[in-house]
Amino acid sequence: METNRQRVFSRTIDGILAFLLVVAVVVWVNEGHAGMRDITTFLQMRVTLLNAAFAAAFSFLWMESFLVVDSLVRQSRGFLRKMLLTVAGCLTMTAVVALYLIGRRSPAPLGSIVACFFMISLACQLLRLAAYEAGCMGGLGEPENIIILGTGRRASKAWRELRIRHGRAVHLLGFVDDRDPEQTAPDIANRYIGDVRRLSQYLLENSVQWVIVATPLRSQYDMTQEAIGIAENAGVRVSCMSDWFTLRHGREVLERAEMFVDLVQPDEQRRRADHFKRCIDVTLAVAGLVALAPVFLFIAVAIKLTSRGPVFYRQERYGYHRRKFRIWKFRSMVLNADQLMHALENHNEAGGPIFKIKNDPRITRVGRTLRRLSLDELPQLFNVIAGDMSMVGPRPMSVRDVSRFSDAQLMRRFSVRPGITGLWQVSGRSTLSFDKWIALDFRYIDEWSLGLDMKILARTLPVVVRRTGAV
């Protein structure tokens, strides 16, 4: 945990770097103006007392402003509020730069300096906010939901070890076993979920990230193998007591001190690639928000002028490990679209559990244009920064659609972060059947690489321009 002293020190360094950013922007904008043709010429200029005083004051004000912003961000829950606080901090310091240049009656192009400084400083602060969110929010700080397979002595031992080793990082949902719960200890009986036949349906109805195998080694082998198959097909991580892992793989576990051993050993190369993918996601999202700010403003004005209601539409979706989050979109439908959906269920043109109507009467005039150009999806860049989504991945599905799933294997699509674009978007979108859509999601999960992400991103813009499969 970062201490107050560390936070002050960090912000002091930030203040100094922010002033150097002001200097860099002024030099860059003024290149070729007033004899300032390169950095050497700039360094040879005389530093006035007023400029030195402004440097000290600006660094101090930046430090104080963002200490306040940091404090408010840590107390806030909504990501939009945190982002608005960050924008307000950058606007305040940009105003300080503007007032100083106006007071100095600087001949430099004020508008260019102010715009450049604001965009660059905002991008840097959004990256900082994203890093904070990725570590503390965005699903990474939430406990993992766990099921223990077994209800006997070994299951009690596994539960005790989980509490000791992982503490609040895990949340036990309950126990699964074919044994009669009345023959188990009271604390286990109270958390009994059902037998293995119930497991598939339970995984459909609940968010489960981890199944611990803690059954007798030989007497319940068949039942355990069935449960492991169900969990693996649903994309759930499966770990065994170390001797179970030895029996299944026919070899000694290298580190006997490890209580739980994953059936599928983690791929360190894949893990590093995942971290790199996250860095790319945040960088692209921040750059996109800064570059597309005028487009956001134009769309917001168009929505407010042509229909009643808010600019943004938020809907609960299932994301990574089937955790719920609120997705951001530009509102493309009438205000009561969710209520009208029930009356339109009979007109659904899509197969499977999803809902699609080609000429949906709920879509507004501006909304139809936004959807054709996929501009309604742009606010999901906020979700990427918050850690709920990635730039590339399976599309996040609504609670209504997921509630109609009938096969636990479909849960495997939630084993990765959902994306703004993916194989489905560049392969036909709404023209594809639900089964083809799911097959593309599984293909992406099985064949994922950074190169595949780059190919999908490169193919997305041409598909959007051609409006392939847009509804």
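Residue numbering for the sequence shown follows this note's numbering, beginning at 700 and increasing consecutively.
Just so it is clear, CB atoms sit at the ideal spot from N, CA and C, and this is done for glycine as well.
Source: prediction; values computed, not measured.
Measuring alpha carbon to alpha carbon, tell me which residue in L825, I1137 and D1100 is nearest R1112. To locate residue 1112, count along the sequence shown from 1; it is residue 413. Measuring from the Cα of R1112, the nearest candidate turns out to be I1137.
Bounding residues of the beta strand (DSSP E) (the contiguous stretch that carries K1023): Numbered from its first residue, the sequence shown carries residue 1023 at position 324. Where K1023 is concerned, the enclosing beta strand (DSSP E) stretches over K1023 to F1029.
Less than 9 Å between the beta carbons of L720 and C823, yes or no? Counting from one through the sequence shown, the residue named residue 720 turns up at place 21. Counting from one through the sequence shown, the residue named residue 823 turns up at place 124. Their beta carbons are under 9 Å apart, which means L720 touches C823 by this criterion.
Is T914 closer than 9 Å to R859 when the C-beta atoms are compared? Locating residue 859 in the sequence shown gives position 160, counting from the first residue. Locating residue 914 in the sequence shown gives position 215, counting from the first residue. Result no, Cβ atoms of R859 and T914 do not sit closer than 9 Å.
Please return the same chain residues whose Cβ sits closer than 6 Å to the Cβ of L1004, not counting the five positions on each side in sequence. Sequence index remark: in the sequence shown, residue 1004 carries index 305 (1-based). Taking L1004 as the centre and dropping the five residues before and after it, the same chain places no C-beta closer than 6 Å to its C-beta.
Less than 8 Å between the CB atoms is what I'm expecting for M1153 and L903, so what's the real figure, rounded? For this step, residue 1153 is matched to residue 454 along the sequence shown. For this step, residue 903 is matched to residue 204 along the sequence shown. Incorrect: roughly 34 Å between the Cβ atoms, too far for contact.
Distance between E1076 and I979 (C-alpha atoms, nearest Å): Taking the first residue of the sequence shown as 1, we reach residue 979 at position 280. Taking the first residue of the sequence shown as 1, we reach residue 1076 at position 377. Taking the straight line from one Cα to the other gives about 19 Å.
If you scan the stretch 1067 to 1151 from start to end, which runs of the beta strand (DSSP E) of 3 or more residues do you find wholly inside it? 1089 to 1091 and 1118 to 1120
Count the C-beta pairs between the stretch 983 to 991 and the stretch 1157 to 1164 that are closer than 8 Å, then say yes if the count reaches three, no if not. no
Beta-bridge pairing of L871 - partner residues as DSSP gives them: The sequence position of residue 871 within the sequence shown is 172, counting from 1. In the DSSP secondary-structure assignment, L871 is bridged to I845.
Same chain, Cβ closer than 7 Å to E931, neighbours up to 5 away in sequence not counted: On the sequence shown, position 232 is the one that residue 931 refers to. Counting only Cβ-Cβ distances below 7 Å, and skipping sequence neighbours, we find V937.
Chain-order list of residues whose beta-carbon lies under 6 Å from that of Q1038 (same chain, five-residue window excluded): Against the sequence shown, residue 1038 aligns to sequence position 339. Closer than 6 Å at Cβ, skipping near neighbours: no residue.
Quick check on the DSSP output: the beta strand (DSSP E) that includes Y1171 runs from which residue to which? Residue 1171 cannot be examined here, being either before or after the span of the chain that is shown, 700 to 1170.
Proximity below 9 Å, CB of P1095 to CB of D1087: What you label residue 1095 is simply residue 396 of the sequence shown in a count that begins at 1. What you label residue 1087 is simply residue 388 of the sequence shown in a count that begins at 1. In this structure, P1095 lies near D1087, with their beta-carbon atoms less than 9 Å apart.
Cβ of R878 within 9 Å of Cβ of T850? Locating residue 878 in the sequence shown gives position 179, counting from the first residue. Locating residue 850 in the sequence shown gives position 151, counting from the first residue. Cβ atoms of R878 and T850: closer than 9 Å.
Suppose the cutoff is 7 Å on Cβ atoms and the five residues either side in sequence are ignored; what does the same chain contact list for T1063 look like? Locating residue 1063 in the sequence shown gives position 364, where the first residue counts as 1. Same-chain partners within the cutoff: T1005, S1006, S1031, M1032 and V1033.
Might you give, ordered along the chain, the residues of its own chain that have their beta carbon closer than 8 Å to the beta carbon of W1123, omitting 5 neighbours on each side? Translated into positions along the sequence shown, residue 1123 becomes position 424. Once the five neighbours on either side are set aside, the close Cβ partners of W1123 are P1093, R1094, L1131, W1136, L1139 and D1140.
Under the three-state DSSP convention, the category I1002 falls into: Looking up residue 1002 in the sequence shown gives position 303. I1002 falls in the helix class under three-state DSSP.
Could you tell me the boundaries of the alpha helix (DSSP H) in which S938 lies? Working through the sequence shown from its first residue, we reach residue 938 at position 239. That residue, S938, is in no alpha helix (DSSP H); its beta strand (DSSP E) goes R936 to M940.
Measuring CA to CA, which of V767, I1119 and G802 is closest to T791? Your numbering for residue 791 matches position 92 in the sequence shown. Taking only the C-alpha atoms, the option nearest T791 is V767.
Answer with buried or exposed for D1059, where buried requires no fewer than 16 other C-beta atoms within 10 angstroms of its C-beta. Translated into positions along the sequence shown, residue 1059 becomes position 360. With 16 or more Cβ atoms within 10 Å of its Cβ, D1059 is classed as buried.
So, do the stretch 1007 to 1027 and the stretch 1096 to 1106 have three or more beta carbon pairs nearer to each other than 8 Å? Here the stretch 1007 to 1027 lies against the stretch 1096 to 1106, with 3 or more beta-carbon pairs under 8 Å apart.
Does F959 come out as helix, strand or coil in the three-state DSSP assignment? Looking up residue 959 in the sequence shown gives position 260. Three-state result, F959: strand.
Can you find the residues in the same chain that come closer than 6 Å, C-beta to C-beta, to S855, ignoring five residues on each side of it along the sequence? Here the question's residue 855 lines up with position 156 in the sequence shown. Same-chain partners within the cutoff: there are none.
Say whether the stretch 753 to 763 touches the stretch 794 to 804, bearing in mind that this needs 3 or more beta-carbon pairs closer than 8 Å, one atom from each stretch. yes
Between the beta-carbon of P842 and the beta-carbon of R867, is there less than 9 Å? Residue 842 sits at position 143 when you count from the first residue of the sequence shown. Residue 867 sits at position 168 when you count from the first residue of the sequence shown. Yes, these two residues count as a Cβ contact at 9 Å.
Exposed or buried, which one is R1066 when buried takes at least 16 other CB atoms within 10 Å? Here residue 1066 corresponds to residue number 367 of the sequence shown, with the count starting at 1. In the sequence on display, residue 1066 carries Gly and not Arg. Under this definition G1066 is a buried residue.
Nearest to G1008 (by Cα), restricted to the options A1036, F1054, Q908 and W1147: One-based indexing of the sequence shown puts residue 1008 at position 309. The shortest Cα separation from G1008 among A1036, F1054, Q908 and W1147 belongs to A1036.
Less than 8 Å between C-beta atoms, sequence neighbours within five positions excluded: which residues of the same chain meet that for A926? One-based indexing of the sequence shown puts residue 926 at position 227. Around A926: L848, V875, V895, L898, V910 and V912.
Cβ shell of H974 (< 8 Å), same chain only, five flanking positions each side left out: Locating residue 974 in the sequence shown gives position 275, counting from the first residue. For H974, where only same-chain residues beyond five positions count, there are no Cβ hits under 8 Å.
Pairwise C-alpha distance: V935 and L800: In the sequence shown, the residue the question calls residue 800 occupies position 101. In the sequence shown, the residue the question calls residue 935 occupies position 236. Those two C-alpha atoms are separated by around 58 Å.
Tell me the residue span of the alpha helix (DSSP H) that contains E1015. Taking the sequence shown and counting its residues from 1, the one referred to as residue 1015 is at position 316. Run containing E1015: none in the alpha helix (DSSP H); it sits in the beta strand (DSSP E), F1011 to Y1017.
Assign N1082 to one of two classes, buried (16 or more other C-beta atoms within 10 Å of its C-beta) or exposed (fewer than that). Start at 1 with the first residue of the sequence shown, and residue 1082 comes out as number 383. That one is buried.
Can you tell me whether R971 is buried or exposed, with buried defined as 16 or more other CB within 10 angstroms of its CB? By one-based count along the sequence shown, residue 971 stands at place 272. By the 10 Å Cβ count, R971 comes out exposed.
Cβ atoms of G810 and I846: under 9 Å apart, would you say? Here the question's residue 846 lines up with position 147 in the sequence shown. Here the question's residue 810 lines up with position 111 in the sequence shown. Contact: no.
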